[in-house]
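To start, the structure under review is shown below, and the notes come after it.
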């Protein structure tokens, strides 16, 4: 059985060493994964989607 891992805005901010505000600004980008509202006051992102976005981000930065 495969369980989905979710990340908070705080966890994403720590992962990329940015502020939580930056994470929320990224949500306006078409490339950044859309958040999932699990309940009132509980918004998360799927770890797998963040990892995919991270890979495309790293690939693009290497091409410059």
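In the working numbering, the protein residues as written are 5 to 68.
Backbone N, C-alpha and C fix where the C-beta goes; we use that ideal spot for every residue, glycine too.
Owing to the predicted nature of the structure, the values given are computational and were not obtained by experimental measurement.
Handout entry: According to DSSP, residues forming a beta bridge with residue 43
Key = Residue pairing from DSSP places residue 43 in a beta bridge opposite 46.
Problem - Nearest residue (CA-CA) to residue 57, options 6, 47, 27, 7 - result: Comparing Cα-Cα distances from residue 57 to each of 6, 47, 27, 7, the minimum goes to 27.
Exercise for the section: Would you list the one or two residues that DSSP bridges to residue 11? Expected result: In the DSSP output, where bridge partners are listed per residue, residue 11 has 49.
Handout entry: Backbone secondary structure at residue 17 - three-state DSSP
Key = In the structure shown, residue 17 sits in a helix (DSSP, three-state: H, G or I).
Handout entry: For residue 31, three-class secondary structure by DSSP
Key = Coil at residue 31, not helix or strand.
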